[in-house]
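In terms of the working numbering, the sequence shown opens at residue -13 and continues consecutively. Shown next, in structure tokens, is the structure this report addresses.
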Amino acid sequence: MSLKEKIYSSAAGFTKLELLARQVVEGYISGIHKSPFHGFSAEFAEHKIYNNGESTKHIDWKLFAKTDKLYTKRYEEETNLRCHFIMDNSASMHYPEVKKFSADSLNKIGFSVLSIASIMQILKRQRDAVGLSIYSDEFEFYAPEKGSDRHQHMLLDALNKSLEKKTDHKATKTYTFLHQIAEKLKRRSLVFLFTDMFQADTEEAALFEALRHLKYNRHEVVLFHVMDKKREFDFDFENIPKRFTDVETGAEIDLYSENIRESYQKAVQKYVADLKLECAKYKINYVEADINKNFDKILTTYFIERQKFA
-13 MSLKEKIYSS AAGFTKLELL ARQVVEGYIS GIHKSPFHGF SAEFAEHKIY
37 NNGESTKHID WKLFAKTDKL YTKRYEEETN LRCHFIMDNS ASMHYPEVKK
87 FSADSLNKIG FSVLSIASIM QILKRQRDAV GLSIYSDEFE FYAPEKGSDR
137 HQHMLLDALN KSLEKKTDHK ATKTYTFLHQ IAEKLKRRSL VFLFTDMFQA
187 DTEEAALFEA LRHLKYNRHE VVLFHVMDKK REFDFDFENI PKRFTDVETG
237 AEIDLYSENI RESYQKAVQK YVADLKLECA KYKINYVEAD INKNFDKILT
287 TYFIERQKFA
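Put into structure tokens, the structure is as follows:
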């Protein structure tokens, strides 16, 4: 059985979320074994590129022999950081419907949960502090950044509970909760927001004002735009009469997908382009997170942001 098949088979129901997240991370690490990030030892936390003028004391000469590039070891006490995850748990995040969770059968909330749990595994190995906020139409969960095993188990439990299906059609005002979270984060942190960005057009300005609030204390903010790209962006549905339901409002419409596919795609492309421009304007890292892909992009983003954060 391949590693990928093992991950798929052990993901069912997320009954062992921590184990699954560990497998995702180990699979990723083994895939980049030539990278300077390949090892997690008790001796040091990670490598960074050597800059001219720095002390040569911590240069990893063994890695230089393999890569012909200079990297220095960064030790635990130098690299401990604070990371806060924010997860949108609104009704739209529970699309598409999943009867039994597995790594090859994920909806947006399942993908977000497993992504966060996987990054938490890396943070745990590097003894970093992690916090979590979950919101829907209400502020469901908040925990400040801590590094203990007990704390991480509590966060994993909260993530697992978020997988319960949402049946309500209440509006989610993301910006309200982002302002509240920004007030709680007193010390500089890496902030990862997982959301499908479903909100009314009239709320877009308020949302980016809230995201800008998160930047006030010099937090590094990454927006993971969680999507089912095949359906939500490409509008890839069989061309038969279908009833489409807005999972946020409950509104319904009957139509043939082919009749509106082209105009729908143009509208979505413009929306995403505008979203990227707004993120660039406020120096927020925008990352497309397609639930039909693997987790490599998510984990790679973490490593890049960690280096930038230092």
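Glycine is no exception: its CB is placed at the ideal position from the N, C-alpha and C atoms.
Quick one: is residue i buried, meaning 16 or more other Cβ sit within 10 Å of its Cβ, or exposed?
{"i": "residue 174", "result": "exposed"}
{"i": "residue 80", "result": "buried"}
{"i": "residue 138", "result": "buried"}
{"i": "residue 266", "result": "exposed"}
{"i": "residue 249", "result": "exposed"}
{"i": "residue 1", "result": "exposed"}
{"i": "residue 335", "result": "In this structure the chain extends from -13 to 296, so residue 335 is not present and cannot be described."}
{"i": "residue 196", "result": "buried"}
{"i": "residue 54", "result": "exposed"}
{"i": "residue 256", "result": "exposed"}
{"i": "residue 95", "result": "buried"}
{"i": "residue 330", "result": "There is no way to answer for residue 330, as the model of the chain reaches only from -13 to 296."}
{"i": "residue 77", "result": "buried"}
{"i": "residue 291", "result": "buried"}
{"i": "residue 259", "result": "exposed"}
Can you tell me the Cβ-Cβ gap for residue i and residue j, rounded? I've got them flagged as a contact below 8 Å.
{"i": "residue 215", "j": "residue 278", "result": "6 Å"}
{"i": "residue 295", "j": "residue 176", "result": "6 Å"}
{"i": "residue 211", "j": "residue 171", "result": "Not confirmed; about 21 Å, so no contact."}
{"i": "residue 7", "j": "residue 104", "result": "4 Å"}
{"i": "residue 109", "j": "residue 116", "result": "5 Å"}
{"i": "residue 306", "j": "residue 272", "result": "With the chain covering -13 to 296 only, the question about residue 306 has no answer from this structure."}
{"i": "residue 57", "j": "residue 49", "result": "5 Å"}
{"i": "residue 84", "j": "residue 93", "result": "5 Å"}
Along the chain, where does the beta strand (DSSP E) that runs through residue i open and close?
{"i": "residue 275", "result": "271 to 276"}
{"i": "residue 99", "result": "Unbroken run through residue 99 is the alpha helix (DSSP H), 94 to 111; no beta strand (DSSP E)."}
{"i": "residue 201", "result": "That residue, residue 201, is in no beta strand (DSSP E); its alpha helix (DSSP H) goes 190 to 201."}
{"i": "residue 181", "result": "176 to 181"}
{"i": "residue 68", "result": "68 to 74"}
{"i": "residue 209", "result": "206 to 213"}
{"i": "residue 118", "result": "115 to 121"}
{"i": "residue 125", "result": "125 to 132"}
Would you report the Cα separation of residue i and residue j, rounded to the nearest angstrom?
{"i": "residue 182", "j": "residue 135", "result": "30 Å"}
{"i": "residue 293", "j": "residue 237", "result": "44 Å"}
{"i": "residue 184", "j": "residue 246", "result": "20 Å"}
{"i": "residue 160", "j": "residue 189", "result": "9 Å"}
{"i": "residue 124", "j": "residue 158", "result": "8 Å"}
{"i": "residue 87", "j": "residue 284", "result": "19 Å"}
{"i": "residue 144", "j": "residue 179", "result": "16 Å"}
{"i": "residue 251", "j": "residue 220", "result": "6 Å"}
{"i": "residue 270", "j": "residue 209", "result": "7 Å"}
{"i": "residue 82", "j": "residue 11", "result": "25 Å"}
{"i": "residue 194", "j": "residue 264", "result": "8 Å"}
{"i": "residue 14", "j": "residue 282", "result": "6 Å"}
{"i": "residue 46", "j": "residue 207", "result": "30 Å"}
{"i": "residue 3", "j": "residue 38", "result": "43 Å"}
{"i": "residue 162", "j": "residue 52", "result": "50 Å"}
{"i": "residue 244", "j": "residue 131", "result": "48 Å"}
{"i": "residue 133", "j": "residue 253", "result": "43 Å"}
{"i": "residue 239", "j": "residue 114", "result": "48 Å"}
{"i": "residue 287", "j": "residue 112", "result": "16 Å"}
{"i": "residue 217", "j": "residue 191", "result": "26 Å"}
{"i": "residue 128", "j": "residue 167", "result": "9 Å"}
{"i": "residue 106", "j": "residue 140", "result": "12 Å"}
{"i": "residue -6", "j": "residue 202", "result": "Reliability fails at residue -6, whose pLDDT of 37 lies under 50, so the model's placement of it is uncertain and the value that follows must be treated cautiously. Straight-line Cα distance between these residues: approximately 40 Å."}
{"i": "residue 9", "j": "residue 165", "result": "35 Å"}
{"i": "residue 301", "j": "residue 169", "result": "With the chain covering -13 to 296 only, the question about residue 301 has no answer from this structure."}
{"i": "residue 200", "j": "residue 5", "result": "32 Å"}
{"i": "residue 102", "j": "residue 142", "result": "9 Å"}
{"i": "residue 198", "j": "residue 150", "result": "31 Å"}
For the alpha helix (DSSP H) holding residue i, just list the boundary residues, first then last.
{"i": "residue 13", "result": "3 to 17"}
{"i": "residue 292", "result": "282 to 295"}
{"i": "residue 36", "result": "Counting along the chain, residue 36 falls outside any alpha helix (DSSP H), and DSSP gives it neither H nor E."}
{"i": "residue 136", "result": "135 to 147"}
{"i": "residue 168", "result": "160 to 170"}
{"i": "residue 52", "result": "47 to 53"}
Check: Between the region 116 to 128 and the region 65 to 75, are three or more C-beta pairs nearer than 8 Å?
Finding: Yes, they touch.
Next item on the list: Taking 8 Å as the threshold, find out whether the region 33 to 51 comes into contact with the region 7 to 18 through three or more Cβ pairs.
Entry: Counting Cβ pairs under 8 Å, fewer than three are found: no touch.
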